[in-house]
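Chains as they are written, first to last, in the numbering used here: chain A, 1 to 481; chain B, 1 to 113. Idealized CB from N, CA, C, for every residue including glycine. To start, the structure under review is shown below, and the notes come after it.
Given below as structure tokens:
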């Protein structure tokens with residue numbers, strides 16, 4: 001304690017007259033002062049400390065005196081986000097830019113499509129929407145859904161590094177089936193990426209970050225601490241996590257000690273996705289070297305022109321004096337506005353157009369849809385059968401069996417058609433298509449021969465192409481009957 | 001055996017995708033993706049073949065077959081601009097995607113060697 005300035009004010013009647021008040025006023029940030037005072041003056045000192053924006057570090061009792069070590073409170077540094085922040089579009093809400101926390105809610109969309117990197121056209125379940133709203137209303141800077149392990153994460157990175165105030169990333173929601181996006185994000189923060197721009201140590205199938213500068217990825221990893229709530233869908237828990245992140249004094253949340261540490265001490269990075277590789281999910285593992293080489297060389301990938309966008313660095317530091325919690329009311333209002341916009345841009349539903357001359361009832365429409373969907377399946381099944389005919393399957397056991405099953409099912413479908421209430425004209429059309437498939441079946445083998453596996457000819461494993469062909473029909477699940 | 005089995009799979013998958021290209025799938029991003037995967041798969045097979053220890057004569061034979069299949073795959077008719085037909089409200093078969101799931105369901109039958 002010898003290097004620290006000490007003020008012994010024992011016996012003083014008042015802290016102001018003893019000079020403590022002025023000294024606290026002139027104390028510079030980080031400078032430590034030790035005050036020795038009578039025990040009876042301690043309460044007055046704590047009041048003064050609060051008034052002068054200082055904080056007590058240590059208190060020691062000595063006989064009838066108290067030795068208090070204190071310092072000026074460090075001003076919490078907050079910065080203005082980069083110009084254009086958040087740079088990437090997506091399904092998210094923007095809250096208080098000075099909040100230290102962003103929330104990513106994992107989204108399981110109906111099915112992962114190969115060329116659908118964002119969630120613009122996907123209906124977000126209300127419970128997920130609610131989590132996003134709760135996070136922003138509680139005080140998150142950004143809260144949104146995250147679906148893909150490549151472009152989804154890249155967009156998240158791009159938006160987070162544009163705001164150095166964001167120091168925590170809360171990851172919640174059920175893991176995205178197929179994509180394993182939660183696992184990918186955790187692995188990214190823990191391990192980073194390798195020289196093939198692949199996230200290290202993840203189970204995600206195509207965790208490639210091709211479209212974002214390496215600098216942004218590294219910054220993201222340094223800037224944020226992950227609050228891992230993978231699998232958590234309880235809004236109260238998410239809300240508590242967000243709240244904990246912006247507390248001035250450390251609070252315990254699960255295994256984390258959380259508080260607002262202030263902005264990351266480097267300027268915001270403003271970047272947008274280059275989209276050099278628009279469909280990373282299509283990239284095969286063996287193509288990676290070539291793709292990375294082309295990215296580095298600024299070449300083209302898959303005939304898609306490179307649009308490298310310059311990174312803009314932005315440095316504008318400002319201070320904020322108000323506590324984040326006090327503006328929750330405003331946040332709530334903002335959230336409502338944003339939610340309103342979200343609803344407004346929802347993709348319009350397109351209904352199947354049907355011939356106008358006949359006004360169809362809902363039942364008739366569903367009937368037609370059922371038969372058309374079934375025939376859509378047979379279209380693929382018969383194409384497969386025809387291809388298998390010229391393979392060894394033509395003289396085998398399972399192709400004829402599968403063909404016979406398909407014939408039976410088509411005959412059954414025709415019987416169902418007979419009972420269907422759909423208009424006669426449409427019925428005739430569908431009947432004609434069923435007949436067409438049945439005619440095709442006449443050209444296919446229907447007499448079972450020896451199993452080609454048993455005969456030692458087919459060595460593909462336990463699978464069977466003919467059975468696989470028939471399984472195509474199982475993909476048609478709607479409308480149910 | 002490996003190459004023969006793979007080629008058997010593609011010989012079945014490509015006509016299936018061709019059949020789908022005559023349906024609404026022609027405008028579908030799912031078929032476009034399946035087509036791309038087939039083309040890439042065949043190109044990869046060709047690279048693997050080049051690096052394999054097969055006798056030159058057999059290599060040439062398999063290469064010819066791969067090239068023929070590649071030609072067929074590239075000929076699968078997909079519109080220049082594709083969009084998910086479910087999102088567009090045209091495909092109402094349920095959760096599955098005929099192009100992707102049918103094609104890869106068939107390729108997945110091959111597990112050996």
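Which one of the options has the shortest CA to CA distance from residue i?
i, options, result
"residue 279 (chain A)", "A:162, A:226, A:102 and A:149", "A:149"
"residue 100 (chain B)", "B:4, B:55 and B:25", "B:25"
"residue 458 (chain A)", "A:418, A:394 and A:435", "A:394"
"residue 175 (chain B)", "B:7, B:12 and B:31", "Absent from the structure is residue 175 (chain B), since the part of chain B shown begins at 1 and ends at 113."
"residue 455 (chain A)", "A:179, A:295 and A:392", "A:392"
"residue 15 (chain B)", "B:103, B:110, B:113 and B:112", "B:103"
"residue 383 (chain A)", "A:406, A:367 and A:363", "A:406"
"residue 140 (chain A)", "A:365, A:51 and A:238", "A:238"
"residue 216 (chain A)", "A:87, A:230 and A:235", "A:87"
"residue 97 (chain B)", "B:106, B:69, B:85 and B:18", "B:85"
"residue 194 (chain A)", "A:429, A:296, A:381 and A:209", "A:209"
"residue 72 (chain A)", "A:198, A:230, A:52 and A:375", "A:52"
"residue 223 (chain A)", "A:247, A:265 and A:211", "A:265"
"residue 2 (chain B)", "B:82, B:69, B:28 and B:54", "B:54"
"residue 81 (chain B)", "B:8, B:45, B:33 and B:11", "B:33"
"residue 125 (chain A)", "A:157, A:233 and A:137", "A:233"
"residue 377 (chain A)", "A:476, A:104, A:97 and A:162", "A:476"
"residue 97 (chain A)", "A:474, A:161 and A:424", "A:161"
"residue 66 (chain A)", "A:34, A:83 and A:85", "A:34"
"residue 46 (chain B)", "A:286, A:159 and A:400", "A:286"
"residue 78 (chain B)", "B:93, B:8, B:67 and B:29", "B:29"
With 7 Å set as the bound, which would you pick, yes or no: does the beta-carbon of residue i sit closer than that to a beta-carbon of chain B?
i, result
"residue 145 (chain A)", "no"
"residue 471 (chain A)", "yes"
"residue 459 (chain A)", "yes"
"residue 220 (chain A)", "no"
"residue 384 (chain A)", "yes"
"residue 468 (chain A)", "yes"
"residue 465 (chain A)", "yes"
"residue 369 (chain A)", "yes"
"residue 401 (chain A)", "no"
"residue 299 (chain A)", "Note on residue 299 (chain A): pLDDT 49, under 50, position unreliable in the model; the coordinate value appears next. It does not; no Cβ of chain B falls within 7 Å."
"residue 435 (chain A)", "no"
"residue 373 (chain A)", "yes"
"residue 346 (chain A)", "Residue placement at residue 346 (chain A) is poorly supported in this model, since its pLDDT is 33, which falls under 50; the coordinates are not used for a value here."
Using a C-beta to C-beta distance shorter than 9 Å, which residues of chain B count as neighbours of residue i?
i, result
"residue 376 (chain A)", "20, 23, 24, 25, 91, 93 and 98"
"residue 475 (chain A)", "93, 94, 95, 96, 97, 98, 101, 102 and 105"
Report the neighbours of residue i on chain B: residues whose CB is nearer than 8 Å to its CB, in chain order.
i, result
"residue 379 (chain A)", "19, 20, 22 and 23"
"residue 478 (chain A)", "92, 93 and 94"
"residue 462 (chain A)", "111"
"residue 286 (chain A)", "44 and 47"
Closest Cβ-Cβ distance between residue i and chain A: below 7 Å?
i, result
"residue 81 (chain B)", "no"
"residue 77 (chain B)", "no"
"residue 102 (chain B)", "yes"
"residue 106 (chain B)", "yes"
"residue 16 (chain B)", "yes"
"residue 64 (chain B)", "no"
"residue 59 (chain B)", "no"
Please list, in chain order, the chain A residues whose beta carbon lies closer than 7 Å to that of residue i.
i, result
"residue 11 (chain B)", "387 and 391"
Which residues in chain A have a C-beta closer than 8 Å to the C-beta of residue i? List them in chain order.
i, result
"residue 67 (chain B)", "Under the 8 Å cutoff, chain A gives no residues; its nearest Cβ is about 18 Å from residue 67 (chain B)."
"residue 72 (chain B)", "Going along chain A, no residue has its Cβ under 8 Å from residue 72 (chain B), so there is no contact; the nearest lies around 11 Å."
"residue 5 (chain B)", "459 and 460"
Spell out the partners DSSP gives residue i in its beta bridges.
i, result
"residue 433 (chain A)", "Answer is none; residue 433 (chain A) lacks a bridge partner."
"residue 252 (chain A)", "A:257"
"residue 173 (chain A)", "A:230"
"residue 7 (chain A)", "A:35"
"residue 417 (chain A)", "Looking at the DSSP assignment, residue 417 (chain A) forms no beta bridge with any residue, so it has no partner."
"residue 71 (chain A)", "A:32 and A:55"
"residue 208 (chain A)", "A:198"
"residue 168 (chain A)", "A:101 and A:225"
"residue 66 (chain A)", "A:37 and A:61"
"residue 476 (chain A)", "According to DSSP, which records beta bridges pairwise, residue 476 (chain A) is partnered with nothing at all."
Which runs of the alpha helix (DSSP H) spanning at least 4 residues fall entirely within the stretch 76-155 of chain A, listed in chain order?
Qualifying alpha helix (DSSP H) stretches, in chain order: 126-138.
At 4 residues or longer, and completely inside the stretch 272-297 of chain A: list those alpha helix (DSSP H) runs for me, N to C.
Qualifying alpha helix (DSSP H) stretches, in chain order: 288-297.
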